[in-house]
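**Student:** Pasting a structure here, questions to come.
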Amino acid sequence: MHSHLQGHPGIIQAIKHLERLNPDQFEIYYENRIATKIDSKDQKVDSLSRSEDVGISIRLIKDKKLGFSFTTSLDSQSIQNAIETASEIANWMPEDPYHSLHSFGSSVYPSVDNFDTQGLKVPLADKISLAKSLEDQCRKADPRITSVRLASVSENSTETFLIDSQGETVQHKNTVYTASVTCKAESQGDSQVGSEFSFSNYLDNLEINSVAQLSAQWAIELLGARTPPTLRCPAILRNSVVADLLEFLSDSFSAEQIDKGRSMLAAKLGQMVFSEQVTLINDGLRPGGLGTTPFDAEGIPTRRVHLAENGFMAGILYDTYHARKKGETPTGSSVRGIKSPPSIGLSNFYMQAGRKSFHSLLDGISEGILITDLMGVHTANPVTGDFSLGASGIMIKNSKLTYPVRGFAVAGNILEVFRRMTDISNDIRFFGRIGAPSVRLSEISVGGS
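When you read off a place in the sequence shown, starting at 1, and then add 11, the result is the number in our numbering.
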């Protein structure tokens, strides 16, 4: 029954020990993550690290009581201690009829392939050369780039599997490669910093050249920035800014946050909440996504969930617990690490792209602003959505980008920002698990000089 676990004697022991304890249900979660990170500075290896994190966590239910424990040591005694701790915790927890663990044998899982066997075989020397090339290309992107603070390339390989009380298992392996660089631009006594990154499941698809060019571009574009006037005007939000707002908004789609009264979207299902231009999706199966996997942290098959359609709130993210509580179906939206039980989270959450080019968003704006950075979006009020944040950007005059601005505040409400979206660009890109295009707003409040 457990032939594919022959290389994991500790886990086979764990199964036997749990079966002797005989809880109503149990689940073993195993994760092994191997990470390599290379930092290049001045064309030398500034830092080279390799780590391996491995562990298992146990969930079990006895008499409607849930126990959880974990260990990062896979020797038999540590595993036995973790199991007994989970059992003891369950004894002291209150009964809850909504606790339940998923039986994997009852599900059909989609096929997902995002494991780069070839990339893992590429010699370390070649990956070091990639980091050096990233630094070199960034430095050469523009004569005003005076230094590259750090250029990094990293490789992460993760194996996870889950085992249930019936001995059924689900298993997945994936790889993620990232490239990131931070540089400084200087001109006429002013200096600005720019950063950029990219990721891919496959080493060959890592866009080193694009990361280098964009990092330099972001540093250069704010050279000579001044303070804008105070005004209310149309605005364009760059896709990176929209991604920050989406990340903040995402918690409000969680059934747990709604249940606890911590959501801006409580009791809004089926209502027009956003601009009719806005469609929001959480898709655990999106090709190339950082959060793409055949199953979530509870072993529920992942899928595509529409959370907003043409402005209407269309969905909520459920784990097993809150789905049972509300009489709904889990959406395959649980995330976890070794040291914590599953909780509701994102796979690949994004705003559907529009058809217009970024530059066509500028059309018809006689005076406005492109917001290139909003600082501290996470400090907005999570229940009301009110915010007042420092920002930087570029002024728009007669449908053209003119001079850079910084040191001003933008105030408003997150939901109001999503209601004021009049046009959406086709320039969608993913920032980790969040995907966003640039958008145009009918107006925004800028507090300048």
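Cβ coordinates follow ideal geometry from the N, Cα and C atoms, glycine included.
Computed from a predicted model, the values in this text were never measured in an experiment.
On the three-state DSSP scale, how would you describe Phe6?
**Tutor:** The structure shown does not extend to residue 6, since the chain is modelled only from 12 through 460, so no value can be given for it.
**Student:** Would you mind reading off the limits of the alpha helix (DSSP H) that contains Leu426?
**Tutor:** Note, Leu426: alpha helix (DSSP H), 425-430.
**Student:** Could you give the residue range of the beta strand (DSSP E) that holds Gly401?
**Tutor:** Residues 397-408.
**Student:** Give every residue of the same chain whose Cβ lies closer than 7 Å to the Cβ of Met12, excluding the five residues on either side of it in the sequence, and list them in chain order.
**Tutor:** A caution first: Met12 carries a pLDDT of 42, below 50, which makes its placement in the model unreliable, though a value can still be read off. Excluding sequence neighbours, Met12 sits near Gly178.
**Student:** Using only the alpha-carbon positions, how far apart do Glu320 and Val222 sit?
**Tutor:** C-alpha separation (whole angstroms): 32 Å.
**Student:** Quick check: Val253 and Asp384, are their CB atoms within less than 8 Å of each other?
**Tutor:** Not in contact: Val253 and Asp384 (Cβ atoms no closer than 8 Å).
**Student:** Please classify Ser449: is it buried, with 16 or more other beta-carbons within 10 angstroms of its beta-carbon, or exposed?
**Tutor:** So Ser449 counts as buried.
**Student:** By a C-beta neighbour count over all protein chains shown, 10 Å radius and 16 as the cutoff for buried, is Leu135 buried or exposed?
**Tutor:** So Leu135 ends up on the exposed side.
**Student:** Measure the alpha-carbon distance for Glu99 versus Asn43 and round it to whole angstroms.
**Tutor:** Roughly 26 Å between the two C-alpha positions.
**Student:** I'd like the ranges of any beta strand (DSSP E) spanning at least 3 consecutive residues and lying wholly in the stretch 259-343.
**Tutor:** If we require 3 residues or more, the beta strand (DSSP E) runs fully inside the stretch 259-343 come out as 291-294, 315-320.
**Student:** Around the C-beta of Pro305, are 16 or more other C-beta atoms found within 10 angstroms, so that it is buried, or is it exposed?
**Tutor:** Buried.
**Student:** To which residues of the same chain is Arg61 closer than 6 Å at the C-beta, ignoring the five residues directly before and after it?
**Tutor:** The answer, listed in chain order, is Thr47.
**Student:** Answer yes if the stretch 307-315 comes into contact with the stretch 353-367, meaning at least three C-beta pairs across the two stretches below 8 Å, and no otherwise.
**Tutor:** With the cut-off at 8 Å, the stretch 353-367 and the stretch 307-315 touch.
**Student:** Is it buried or exposed for Glu232, if we count other Cβ within 10 angstroms and need 16 for buried?
**Tutor:** It is buried - the Cβ of Glu232 has at least 16 other Cβ atoms within 10 Å.
**Student:** Quick check on the DSSP output: the beta strand (DSSP E) that includes Thr169 runs from which residue to which?
**Tutor:** 156-175 is the extent of the beta strand (DSSP E) around Thr169.
**Student:** Grab the span of the alpha helix (DSSP H) containing Glu95 for me, first residue to last.
**Tutor:** Segment 87-103, the alpha helix (DSSP H) holding Glu95.
**Student:** Comparing C-alpha positions only, which one of Pro121, Glu427, Glu38, Asp124 sits nearest to Ile94?
**Tutor:** Checked all of Pro121, Glu427, Glu38, Asp124; the closest Cα to Ile94 is Glu38.
**Student:** Determine the contact status of Ile67 and Tyr41, defining contact as a CB-CB distance below 8 Å.
**Tutor:** Contact: yes.
**Student:** Between the stretch 225-245 and the stretch 286-305, do three or more beta carbon pairs fall short of 8 Å?
**Tutor:** The stretch 225-245 is not in contact with the stretch 286-305.
**Student:** Once the 5 residues before and after Gln36 are set aside, which same chain residues still bring their CB inside 6 Å of it?
**Tutor:** Cβ neighbours of Gln36 beyond the five flanking positions: Ile72, Leu112, Ser176.
**Student:** In terms of DSSP beta bridges, what is Lys184 paired with?
**Tutor:** Per DSSP, Glu170.
**Student:** For the alpha helix (DSSP H) containing Pro20, list its first residue and its last residue.
**Tutor:** Note, Pro20: alpha helix (DSSP H), 20-32.
**Student:** Determine the contact status of Lys138 and Glu106, defining contact as a CB-CB distance below 8 Å.
**Tutor:** Cβ atoms of Lys138 and Glu106: not closer than 8 Å.
**Student:** In angstroms, rounded to a whole number, what distance separates the CA positions of Asp255 and Thr390?
**Tutor:** Taking the straight line joining both Cα atoms gives about 11 Å.
**Student:** Less than 8 Å between the beta carbons of Tyr332 and His19, yes or no?
**Tutor:** Taking 8 Å as the Cβ cut-off, Tyr332 and His19 do not qualify as a contacting pair.
**Student:** Using a C-beta cutoff of 8 Å, does Gly178 count as contacting chain D?
**Tutor:** You won't find chain D in this structure, because it holds only one protein chain.
**Student:** Please state the DSSP three-state secondary structure of Ser377.
**Tutor:** If DSSP states are grouped into helix, strand and coil, Ser377 belongs with coil.
**Student:** Based on Cα-Cα distance, which residue from Gly443, Gln199, Asp434, Ser261 lies nearest to Ser453?
**Tutor:** Among Gly443, Gln199, Asp434, Ser261, the Cα nearest to that of Ser453 is on Asp434.
**Student:** Compute the distance between the beta-carbons of Phe419 and Ala402, then report whether it is under 8 Å.
**Tutor:** Closer than 8 Å, so yes.
**Student:** Gly281: buried (16+ other C-beta within 10 angstroms of its C-beta) or exposed?
**Tutor:** Gly281 is exposed by the Cβ-count criterion.
**Student:** In angstroms with no decimal places, state the Cα-to-Cα distance between Ala196 and Gln224.
**Tutor:** Distance between the alpha carbons of Ala196 and Gln224: 13 Å.
**Student:** So what does Asn125 bridge to, in DSSP terms?
**Tutor:** Beta-bridge pairing links Asn125 to Asn185.
**Student:** Can you list, in chain order, the residues of its chain whose CB lies under 6 Å from that of Val346, leaving out five sequence neighbours each side?
**Tutor:** Excluding positions up to five away in sequence, the list reads Ala308, Gly356.
**Student:** I'd like to confirm the pairing. Which residues does DSSP put opposite Ile455 in its beta bridges?
**Tutor:** Cys244.
**Student:** What number of angstroms, rounded off, separates the C-alpha of Ile445 from the C-alpha of Asn293?
**Tutor:** Distance between the alpha carbons of Ile445 and Asn293 is about 9 Å.
**Student:** Cβ atoms of Ser263 and Leu248: under 8 Å apart, would you say?
**Tutor:** Not closer than 8 Å, so no.
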